[in-house]
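Chemist:
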Ligand code: DGJ
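In this note's numbering, the protein residues as written are 50 to 741.
1) Within 10 Å of its beta-carbon, does residue 159 have 16 or more other beta-carbons around it, so buried, or fewer, so exposed?
2) Mind listing, in chain order, the residues whose beta carbon lies closer than 6 angstroms to a non-hydrogen atom of the ligand DGJ?
3) Is it the case that the Cβ atoms of residue 271 and residue 138 are separated by a distance below 8 angstroms?
4) Assign residue 266 to one of two classes, buried (16 or more other C-beta atoms within 10 Å of its C-beta) or exposed (fewer than that).
5) Between 110, 487, 106, 114, which has its C-alpha nearest residue 56's C-alpha?
6) Just to confirm, are residue 498 and residue 452 a CB contact at a threshold of 8 angstroms?
7) Please determine, among 400, 88, 664, the residue with the shortest C-alpha to C-alpha distance to residue 742.
8) On the CB-based measure, 16 or more other CB atoms within 10 Å of its CB, does residue 742 come out buried or exposed?
9) What residue from 648, 707, 84 has the CA that sits closest to residue 661's CA?
10) Quick one, are the C-beta atoms of residue 7 and residue 427 less than 8 angstroms apart?
11) In whole angstroms, what is the alpha-carbon distance linking residue 558 and residue 643?
12) Using the Cα positions of residue 373 and residue 447, report the straight-line distance between them to the nearest angstrom.
13) Consider the Cβ of residue 414: report whether some Cβ of chain C lies at a distance smaller than 8 angstroms.
14) Taking the C-alpha atoms as reference points, what is the distance between residue 225 and residue 456?
15) Where does residue 277 land, buried or exposed, given buried means 16+ other C-beta within 10 angstroms?
16) So what's residue 691 in DSSP terms, helix, strand or just coil?
17) Can you give me the C-alpha to C-alpha distance between residue 673 and residue 52, rounded to a whole angstrom?
18) For the region 520-569, list the alpha helix (DSSP H) runs that are entirely contained and at least 4 residues long, ordered along the chain.
19) Who are the Cβ neighbours of residue 474 in its own chain at under 7 angstroms, not counting the five residues just before and after it?
20) Give the secondary structure of residue 214 by DSSP, where H, G and I count as helix, E and B as strand, and everything else as coil.
21) What is the DSSP secondary structure of residue 445, counted as helix, strand or coil?
22) Helix, strand or coil for residue 515, going by three-state DSSP, please let me know.
23) In the region 278-311, which residue ranges form an unbroken beta strand (DSSP E) of at least 3 residues, counting only runs that do not cross its ends?
24) Considering only C-alpha positions, which residue in the set 201, 442, 221 is nearest to residue 227?
25) Express the C-alpha separation of residue 460 and residue 424 in angstroms, rounding to a whole number.
26) To the nearest angstrom, report how far apart residue 87 and residue 183 are at their CA atoms.
27) Taking all protein chains shown into account, decide if residue 262 is buried (16 or more other Cβ within 10 angstroms of its Cβ) or exposed.
28) Is the Cβ-Cβ distance between residue 534 and residue 411 less than 8 angstroms?
29) Rounded to whole angstroms, what is the Cα-Cα separation between residue 567 and residue 492?
30) Do residue 548 and residue 560 have their beta-carbon atoms positioned less than 8 angstroms apart in this structure?
31) Between the alpha carbons of residue 438 and residue 690, how many angstroms are there, rounded?
32) Flag this pair as yes or no: are the beta carbons of residue 310 and residue 579 separated by less than 8 angstroms?
33) Could you give the distance in angstroms between the alpha-carbon of residue 246 and the alpha-carbon of residue 61?
34) Between which two residues does the alpha helix (DSSP H) containing residue 494 stretch?
35) Rank 210, 463, 553 by C-alpha distance to the C-alpha of residue 248 and give the top, closest one.
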C-alpha cells in the first residue's frame, strides 16, 4: 500500500506522518477525502516563512481530509513550481471537537515509492566540518537524520537526497527533500518488508507535544521536493533555481553581493579604532566593498563571557561610536556592516541583572552554559519586543548596510517560565516561531540591509533563514582543503549566492594547515567572496595578488554568484576535484580545478565540461595567478612568479564529451614555463568564452 499521509491505528505499520492523542483519547486517526481546491499561485504560511509563489510560477492543490469520529480536519497542500521542477508540501490540522487533542508528531510531507534500490545521501558534520556528504544504501529498516539541538544544525542538514543505486552526479533518477525550518527537524527513510520506500520530513517529534484546543489549527513548515533524471547535479540545478527564485527575496535577492573584509580572524576581540582604521585603509586599497565589524563592539565585551544582550556601543573601544566608524568606512568608498547575536544573553550582562527570567532555564536547576552564554527565551513576547527595539536602535544609529546575525550555542534546559507546565513540549517550536517574528519585523524595517545568517559558522544553514537573509556564513572553517568538502556538500542543496566564503590567513586558524593564497581564493570565489585576515600583515606580493583576485571576482561575479553550478569531479571521491559555473546563455564558464595532494609522476589532467554549446568554439585560458617564493623556494628565486599560461581553442562538443588535456604537472623532469606546478593543495581556474 502507498499512502499520501499515514496515520496510526489503521494497519499501516511503517513510520507515520501523524501521531496524536485524538479528541476521543485514542491514537487512531482515519482521514477520508472530503474536498479539494486547485488554484494558481500559492498562499503564504501564516506565522512562518514559506516559498514565494506568484500566479504565473506555480499552481496549488489543497486536499481536505476529515476524521468524522473525532471531528478533525487535515489539509494537505501541494504547490508545483513549473520552472524549478519542485513541489512544496505542508499539512495543517484543525480540531473542531469540544475536547482538545495532543499532537506528538506531524510531518510536513510523506513520500511513498514503490521500490527500494536507493542510496540515501545526507549532509552531516559538526562545527568546522559542516555538510559533508555521506551515502548509504537503503535496506529494510529505518534510517533517521535529525536535529535535537534546537537549530537545523551542523550535525545533519534537513536536505536529503535519494538516488537510484546506479545514479551519478550526471545521470540517473534522484529525489530530494528539504525543509523550510530553522529548528529541530526529522527525516526518515524506511524500507518496508514489501520492498517499498517511505520518506518523511518535518518537525522533530523529539520533546514535541502540542496541545490543540477546540477550533485551533496547527500548520507545519513547508517541505521542498524535487526529482531529476539528470543525476545529483540535476537535483542541485532544481534546488538552486528554486532557492534563488522562490526562497531568497528582498532587494538583495538577485543583486551582486559585495566583497567584504571581516575583522574577526584579524583581531578577534582585541581591537580599537586605530587598529580598525588601519584595516579599513588596507581593505579599500585592495578593492574590498564592505567592511564588517564582527563580535566585540558592544557592552563590555572583550571576550566571549560577557555583554550579550547589552546592545549599545562600547565607547572605550570606539570613541566615535558606530556612526564614526561607519563614516570612516564610507569615506573610503566602502559599505559598513556589523555583527549581532540577538538570541543570546550572558550571565555577566546588564540585561541578565535586570531580567534573569528571560534566559532559558529551568527553575531550581543550574542552567548549562554554551560558550559562556544562555539562550534568550524567544517564546516570550516581552523578550522579542526588547530585541526588536534594541536592534532597530542599533541599526538606525549609523549607516549600517550589512548585518551578520549570529547564534552560537545549541539548546539545553529547555523551559519557558511563561508556558504552563503541561505545555513545555511546545517550547522548541515556539522559539523558532519567535525568531521568525523578530526577523520578519527587522527585515521589514530595514529592507535594504544585506543580512547574512551565521551560527557558529554553518550550524543553521537552512531554507527558512534564507527567506530573511540572502546569504549564510557557510562554516567557521576557512581552510581551503576543508572548504572543498564543505562547499561541495552545501552546493547539493543551496546555490553559490547563499554561501559566504572567505580567504583567511595561513597557517589556518582552524586546522593549522597552510594552503596557497591562490587556492584559498579559487575555492572562496565559488561563493560570496570575503576576506578575513589582517591585510596589513601581508607581504607586498600577497597584497598585489589579493588585489588582482578581487578584480577578477568583480569582473566575473555575476557568473560566480548566479551562474549554473556543476560538480564535475567530486572532491569526496577524487584527488583532483573540479567545479564549474556556466552562464545561462552558455557562452561563458569558469572551471575550478583543485588538487588535494601531489603525486609523483602524476597522470595527465583532463578537464571535461558540461552544458557548453556543442557547435560553438570556445577559448579556454587559465586565470593569471601567482606562486610565491616561500611556496616554491627552490624553483622561484624572486618574490612571486606567474604560473604557466595555458590557452586553448575547442568546440563545445569536444569540451563536453572528451575534454581537453592540460599541460603536464611537475614530475621531477625539470621546470619550464609550460610545466604546471600544482603541488599539495594547488589549484587553477579556467575561463571558457564562446568565440563570436
Ligand atoms: C561565530 C562566527 O561563526 C564567527 O564568524 C564569529 O562571528 C564569532 N562567532 C564571533 O563571536
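Just so it is clear, CB atoms sit at the ideal spot from N, CA and C, and this is done for glycine as well. In this text the structure is predicted, and so the values were computed from the model without any measurement.
Modeler: To lay it out plainly:
1) buried
2) 313, 343, 344, 388, 455, 457, 503, 505, 506, 522, 525
3) yes
4) exposed
5) 114
6) yes
7) This structure gives no information on residue 742, because the portion of the chain shown stretches from 50 to 741.
8) There is simply no residue 742 to check, as the chain begins at 50 and stops at 741 in what is shown.
9) 707
10) Examination of residue 7 is not possible in this model, given that the chain is present from 50 through 741 alone.
11) 21 angstroms
12) 8 angstroms
13) Absent from the structure is chain C; it holds one protein chain and no more.
14) 28 angstroms
15) buried
16) strand
17) 57 angstroms
18) 529-540
19) 256, 257, 258, 259
20) coil
21) helix
22) helix
23) 309-311
24) 201
25) 7 angstroms
26) 38 angstroms
27) exposed
28) no
29) 36 angstroms
30) no
31) 54 angstroms
32) yes
33) 13 angstroms
34) 476-494
35) 210
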